[in-house]
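To start, the structure itself, in structure tokens.
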Amino acid sequence: MEDQLPSRPQLSFIAAAQKILRDTGKSYHVTELWKLIEEEGLAVSPKGKTPWKTLQSKISVHIMKYGSLSPFQSLGSGTYGLKEAPTSELSIDYSGKPPVLAFPNSLISKARLGITTSKVGEYVDRILNQVPAASPLDFHVRGEVEKDSNFRQIVSNVIITHNDHILRYTVGGGGSALGYYYYDSYSIGFGGHVEELDRPLWEWKSTDWGYWNSVRREILEETGFDVKDVKVSAPIVGVIVDERIDLGRKHFPFIHVLELPSKEIKPRKRGIRAKEWIPFSSLSNDFPKYVPWSKLCIQFFYSKYQKRQCHIIPARIKGKPFSFQTKSDIVLVVGQIGSGKTLACQVLEKEFGYRLIRGSEVLKPLLGYSPGEAVPRRRLQDEGYRFINGPDGHEKLALSIFEYLSQNPSKRCVIDGLRYPETLEALMPKLDVPVTVVYIESPITTLLEYHNSREGEQLSLQEFEEIVFHPVERHVGRFFELADIVIYNHGNQDSYINELMDYLTKELG
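39 is the number of the first residue of the sequence shown in my numbering; add one for each residue after it.
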């Protein structure tokens, strides 16, 4: 997997420099700073013949683009340090920015995870089409709502296409929130917040909170194209409910697709860099470098155009890609129902000698069933949900897993089926070896296809959603940020297994 780049974090020149300066708490000349980056094995590319000069240019441009928001300070003669204490993180000053439209999380307490297209009308009615007198929506000071986990900010995520090409850009500059999280990454999502000035004064008592005006404004600012009838030209095609990442827990994106009549664009907004039209078929070429929401959109809407439909992306530990060779005794494979975790566990079991531990089989005795007893999935989900949220549920399940491991010793074990990070947290102190976490991400269409194939069923999407988005399944996405390896699986089973076998063979021999 030589062409893979990390997704957590994206270590550009900027990120690598910030990590070294933060970790050491010192300032360095760019030549010495570059040596330390190389010694740490941080992912910086392309290097070129004089990478220290490129590094200096990147830091200098970052200071100019971000101004007071940049964590870097120039100390003269090519020497740089951080403004704050070495452990502090870059934070954006939202003072002076317009209030933004947000809503309480209770509106989506029963929402689906990932991208959904079948519930678009329901979300539009529940969130956007609210009469002010009785609506929980309101405009909030940006800085306050960023810190309040009870609210989500409404944003647009517009995919712009022309024939079989899609417009992408490089994130960064202007002090944007996306730039803070994913500076120097690729994105195919244009758009932004609903600001108070977007709301038409003459319709103050209507259900128009200014969302569609905000979409038109953002598109005009970012492409120079004025969309006269936004609802028709750039319709909402889906929504993203993303509990995996901090950005997702603070925002609620409505996904649009806008087909432009030509490739002519004249963006005027900072933070939108290196715009380029690329074919749908080449989206997977740089897949690891895209921001998370763009990855989800590529998986959901454009997977059929991609030659490569599975991407295995290791996290980076101390500047180096994670390797099974550093901790491979116990592997935890997690993902939504149908994501391919069962296949991954079978490969580890049959091809690499791992003992398979099914979480459901450990859970059944705690619910009063024998391990091999057939229990309808919905009943198991309902009873499992009540158990895990009952007194000491996570501790009891973790103890049962530990006892199983003790009674069935094996050099290598793979655990299939945990749903909560809290269970892993309760299990870790009981073990004398670390656990490798593998998280598998798949779009709902792939989930359904895998499930029907494995179970020999022909469930409809609605029937399947009732299973895959059961309350007990909703916390699986939280493993994303804990994962040592993220597998983006949006192809057929053959391509998935082949990619998995190639990677594991290199890692485990």
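Every residue, glycine too, gets a C-beta built ideally from N, C-alpha and C. Just so you know, these numbers come straight off a predicted model, no measurement behind them.
Which partner residues does residue i have in the DSSP bridge list?
i: R512; result: None; R512 has no bridge partner.
i: Y118; result: Y66, S112
i: D280; result: Per DSSP, none; premise fails for D280.
i: C335; result: DSSP output for C335 lists no bridge partner at all.
i: V196; result: F228, H294
i: T88; result: According to DSSP, which records beta bridges pairwise, T88 is partnered with nothing at all.
i: N323; result: Beta-bridge pairing links N323 to no other residue.
i: F177; result: L139
i: F189; result: P142
i: R393; result: C451
i: E77; result: E77 pairs with nothing; no bridge assigned.
i: R609; result: The first residue shown for the chain is 39 and the last is 547, placing residue 609 beyond what the model contains.
i: Y550; result: Since the displayed the chain opens at 39 and closes at 547, residue 550 lies outside it and no answer follows.
i: Y340; result: Answer is none; Y340 lacks a bridge partner.
i: H100; result: H100 pairs with nothing; no bridge assigned.
i: N527; result: C348
i: I274; result: H294
i: E302; result: None; E302 has no bridge partner.
i: E233; result: V138
How far does the alpha helix (DSSP H) with residue i in it extend, from its first residue to its last?
i: S533; result: 531-546
i: N251; result: 249-261
i: F390; result: 379-390
i: K365; result: That residue, K365, is in no alpha helix (DSSP H); it is neither H nor E in DSSP.
i: R492; result: 482-493
i: A464; result: 459-465
i: L405; result: 397-405
i: R569; result: Look at the range of the chain in this structure, 39 to 547, and you will see that residue 569 is not part of it.
i: E519; result: That residue, E519, is in no alpha helix (DSSP H); it is neither H nor E in DSSP.
i: R180; result: 180-185
i: G159; result: 158-161
i: I375; result: Careful: I375 lies outside any alpha helix (DSSP H) and carries neither H nor E.
i: F502; result: 499-506
Excluding the 5 residues preceding and the 5 following residue i in the sequence, name in chain order all residues of the same chain whose CB lies nearer than 8 Å to its CB.
i: I426; result: H432, L435, R457, Y458, T461, V510
i: S119; result: The sequence given here has Gly at residue 119, not Ser. L59, K64, S65, Y66, F110, Q111, L113.
i: K91; result: V68
i: K468; result: A436, L437, F440
Can you round the beta-carbon distance between residue i and residue j to whole angstroms, since I take them to be within the 8 Å contact cut?
i: E260; j: I310; result: 5 Å
i: D367; j: V471; result: 5 Å
i: V524; j: E479; result: 6 Å
i: E545; j: R282; result: So it is not a contact: roughly 24 Å between Cβ atoms.
i: F517; j: V372; result: 5 Å
i: F189; j: P136; result: That pair is no contact at about 16 Å.
i: Y220; j: V138; result: Not really, about 19 Å apart at Cβ, beyond 8 Å.
i: L538; j: V385; result: 6 Å
i: L334; j: I278; result: 6 Å
i: S332; j: Y224; result: 7 Å
i: G376; j: H508; result: The Cβ separation is near 13 Å, so there is no contact.
i: S444; j: R393; result: Not a contact, Cβ separation roughly 12 Å.
Near residue i, which residues of its chain fall below 6 Å by C-beta distance, leaving aside the five closest residues on each side in sequence?
i: T125; result: Residue placement at T125 is poorly supported in this model, since its pLDDT is 37, which falls under 50; the coordinates still yield a value, given next. Contacts found: none.
i: A123; result: Unreliable positioning characterises A123 in this predicted model, as indicated by a pLDDT of 40, which lies under 50. A coordinate reading is not provided.
i: I336; result: L321
i: K301; result: H200, W315
i: Y340; result: F318, L321
i: E127; result: Because E127 carries a pLDDT of 40, less than 50, the predicted location of this residue cannot be relied on, and no value is offered for it.
i: R416; result: none
Given residue i, which residues of its chain have a CB within under 7 Å of its CB, disregarding the five upstream and five downstream residues?
i: V593; result: Any question about residue 593 goes unanswered here, given that the chain covers just 39 to 547.
i: S271; result: V265, L296
i: G455; result: R396, G397, S398
i: E421; result: L405
i: T245; result: N167, Q168, V169
i: S108; result: H100, I101
i: D202; result: P317, F318
i: K313; result: L205, Y207, I303, P305
i: A412; result: none
State the start and end residues of the unbroken beta strand (DSSP E) segment that holds residue i.
i: Y442; result: Unbroken run through Y442 is the alpha helix (DSSP H), 431-445; no beta strand (DSSP E).
i: V268; result: Careful: V268 lies outside any beta strand (DSSP E), inside the alpha helix (DSSP H) at 268-271.
i: I153; result: 152-154
i: F141; result: 138-142
i: I316; result: 310-317
i: Y477; result: 473-479
- Message: Across the segment 294-303 and the segment 152-159, are there enough close Cβ pairs to call them in contact, namely three or more that are closer than 8 Å?
- Response: No: the two stretches stay apart, fewer than three of their Cβ pairs being nearer than 8 Å.
- Message: Closer than 8 Å is the cut-off here; do at least three beta carbon pairs connect the segment 189-202 with the segment 221-234?
- Response: In short, these stretches touch, since the Cβ pair count reaches three.
- Item | Validate contact between the segment 165-182 and the segment 242-256 using beta carbons, cut 8 Å, 3 pairs | With a cut-off of 8 Å on Cβ pairs, the segment 165-182 is in contact with the segment 242-256, counting three or more such pairs.
- Query: Does the segment 380-390 come close enough to the segment 529-546 to have 3 or more Cβ pairs within less than 8 Å?
  - Reply: Enough Cβ pairs lie closer than 8 Å, so yes.
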